[in-house]
Amino acid sequence: MLFPVPSAEVFTQTLRDRRPAHSLPREFYTDNELYALDLQRVWYEQWIFVAHVAELPYPGHYLTVDIGDVKLLIIRGSDGVIRALHNVCRHRGAVLCDGERGMVRSRIVCPYHQWSYELDGKLAKARGVEDDFDRSVYGLGHAECQVAGGMIFVSLSETSTDFGPAATMFSDYLKPYGPENMKVAFQTTTVERGNWKLVMENNRECFHCKGAHPELCATFPEAPLHSGGGTGDDLIELKRIVDDCEALGLPSAFAASPDFQFRAMRMPFLGNAQSMTVDGSPGVAKRFGDLPTRNIGDVLLYHYPSTWNHYMADHAVTFRIIPTSATTTQLVTTWLVPGDAVEGIDYDVEALTSVWRATNEQDTVLVERVQRGVSSPAYRPGPYSPIEEEGVIQFIDWYAANMR
Ligand code: FES
Ligand code: FE
228 MLFPVPSAEV FTQTLRDRRP AHSLPREFYT DNELYALDLQ RVWYEQWIFV AHVAELPYPG
288 HYLTVDIGDV KLLIIRGSDG VIRALHNVCR HRGAVLCDGE RGMVRSRIVC PYHQWSYELD
348 GKLAKARGVE DDFDRSVYGL GHAECQVAGG MIFVSLSETS TDFGPAATMF SDYLKPYGPE
408 NMKVAFQTTT VERGNWKLVM ENNRECFHCK GAHPELCATF PEAPLHSGGG TGDDLIELKR
468 IVDDCEALGL PSAFAASPDF QFRAMRMPFL GNAQSMTVDG SPGVAKRFGD LPTRNIGDVL
528 LYHYPSTWNH YMADHAVTFR IIPTSATTTQ LVTTWLVPGD AVEGIDYDVE ALTSVWRATN
588 EQDTVLVERV QRGVSSPAYR PGPYSPIEEE GVIQFIDWYA ANMR
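Shown next, in the form of structure tokens:
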């Protein structure tokens, strides 16, 4: 193990003894040692979504991502390849690049003593060394990095699980949307005062949607279709859009890994809505890729533990979470539009983003409300609804299996 943590056995036993289909015991949402264990067994082990290729359009573009104590530099090299380098100088360990994102011209230069690195991490120049100094062994460390459907995933694990099945699913579903030709229209970064599992649990159900999300519910069905539920007309409408879109060559059938770590599906919108905007009308005048029609609903993709996404004909809204402590989680929300769409002509940022900006704020209030409640010694795990919260049950089962 890269990062040993005490008390693991205690928590593992607690998970073994937990009541199935119930929320977790208090310490799983509040405890610092448990948080360290979450990092060790989930965040340092699993494939983590970090960014879109659209965020790094040119060589030298980079963004920084901290996962627990690990500091990464996601950078596009001179060869066009996107890599995940450790953002730590090989001289005396200074952090190399600051800020959330930026651009380096030809070399990454350490601000401390100016060792410099090629964009692929090789050490280019080192000051103050002997003539026979072997630069080849002082390149920047790498994490594994893969792109699927325009989404960049990294793995810090020394024994990474096979990302192939997830990559295939994401690539197949998103290929018709032309992910290599998208651009970022807007992005927000917030920190929710809630454990990362509460953020993911909240996202895995729409049981709360009717009471909390009036803007979202104008276009998005609250029925639990996304976790295999739903009845009556909702199921008929779901089958209709899946059949119609499959006939157009657009992957649409419900597909998930056996442990539900990742899943893809296509959801219909309500009524005649074509996009997740206030009135359901397109938020962008152009369409992604060569999509033949706007009436293709919403492709939903998630991958535990870090992302869930909505891809529509005209724009996409994607979400990335990374825990920043036992009780705080960073949420990055990104709105993607066709690469040739022009702001002010083809779309208006305010209109494009208003539904999900409102929904995010509402969800933050809910997550923080639960965090305050589960922090009370009076909190006891409660039962998830087997009808409305199957997606949460799937997530917590996956989490428990990985923690054991
Ligand atoms: Fe980077 Fe010294 S720590 S050059
Ligand atoms: Fe919500």
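Be aware that the sequence shown starts at 228, since it is given in our numbering, and climbs by one per residue. Even for Gly, the Cβ is constructed at its ideal location relative to N, Cα and C. Quick caveat: nothing in here was measured; it's all calculated off a predicted structure.
Ile-302 is bridged by DSSP to Tyr-289 and Arg-310. Collapsing the DSSP output to three states places Asn-587 in a helix. In this structure, Thr-545 sits away from Leu-558, with a CB-CB distance that is not shorter than 8 angstroms. Glu-282 places its beta carbon 8 angstroms or farther from that of Val-426.
Restricting attention to Ala-500, His-249, Val-505 and Asn-536, the CA atom closest to the CA of Arg-521 is found in Ala-500. For Gly-320, the distance from the CB to the nearest heavy atom of ligand 1 is below 7 angstroms.
Taken in chain order, the complete beta strand (DSSP E) segments of 3 residues or longer contained in the stretch 372-449 are 378-382 and 409-419.
CA-CA distance, Tyr-404 to His-537, rounds to 12 angstroms. The C-alpha of Pro-509 lies about 44 angstroms from the C-alpha of Leu-367. Considering only Gly-320, Gly-307 and Arg-431, the residue with the shortest C-alpha distance to Phe-622 is Arg-431.
In this chain, Val-469 is not harboured by any beta strand (DSSP E); it is covered by the alpha helix (DSSP H) spanning 459-474.
For Met-494, the enclosing beta strand (DSSP E) stretches over residues 489-494. Within the stretch 511-570, the complete beta strand (DSSP E) segments at least 3 residues long are 525-530, 534-538, 543-552 and 555-565, listed from N- to C-terminus.
Within its own chain, the residues whose Cβ lies closer than 6 angstroms to the Cβ of Ala-311, once the five positions on either side in sequence are excluded, are Leu-299, Ile-301, Ala-370, Cys-372 and Val-381, listed in chain order. Relative to ligand 1, even the nearest heavy atom lies 7 angstroms or more away from the CB of Tyr-344. Put simply, of Ala-353, Trp-423, Cys-472 and Met-630 the residue whose alpha carbon is nearest the alpha carbon of Thr-556 is Trp-423. Annotation for Gln-341 indicates a beta carbon within 7 angstroms of some heavy atom of ligand 1. Selection Ile-309, Arg-514 and Trp-342 evaluated against Val-315 yields Trp-342 as nearest (Cα-Cα). Proximity to Phe-447 across Ala-540, Thr-241 and Phe-496 peaks at Phe-496, based on C-alpha coordinates. By the beta-carbon neighbour count (other beta carbons within 10 angstroms, threshold 16), Phe-360 is exposed. At least one heavy atom of ligand 1 is found less than 7 angstroms from the C-beta of Cys-316. Around the Cβ of Ile-463, a 10 Å sphere holds fewer than 16 other Cβ atoms; the residue is exposed. In this structure, the CA atom of Val-597 is about 10 angstroms from the CA atom of Thr-591. In the DSSP assignment, Lys-349 is bridged to no other residue. Per the C-alpha coordinates, the member of Asp-486, Ile-468, Ile-335 and Met-492 positioned closest to Gly-498 is Ile-468. Counting C-beta atoms within 10 angstroms of its own C-beta, Arg-493 has 16 or more neighbours from the protein chains shown and is therefore classed as buried. Taking all protein chains in view, the Cβ of Thr-415 is surrounded by fewer than 16 other Cβ atoms within 10 Å, so the residue is classified as exposed. In the displayed model, Gly-329 falls within a strand according to three-state DSSP. Here the alpha carbons of Leu-475 and Asp-265 stand approximately 42 angstroms from one another. If you check the CB distance, Asn-429 and Leu-251 do not come in under 8 angstroms.
Less than 8 angstroms separates the beta-carbon of Glu-260 from that of Ser-234. For Phe-360, no alpha helix (DSSP H) run applies, since DSSP gives it neither H nor E.
For a cut-off of 8 angstroms, the C-beta gap from Asp-541 to Arg-514 is around 6 angstroms, short enough to register as a contact. Judged by their CB atoms, Glu-357 and Ala-351 are not nearer to each other than the 8 angstroms cut-off. Rounded to the nearest whole angstrom, the C-alpha separation of Ala-543 and Gly-516 is 12 angstroms.
Taking every protein chain shown into account, the CB of Asp-525 has 16 or more other CB atoms within 10 angstroms, so this residue is buried.
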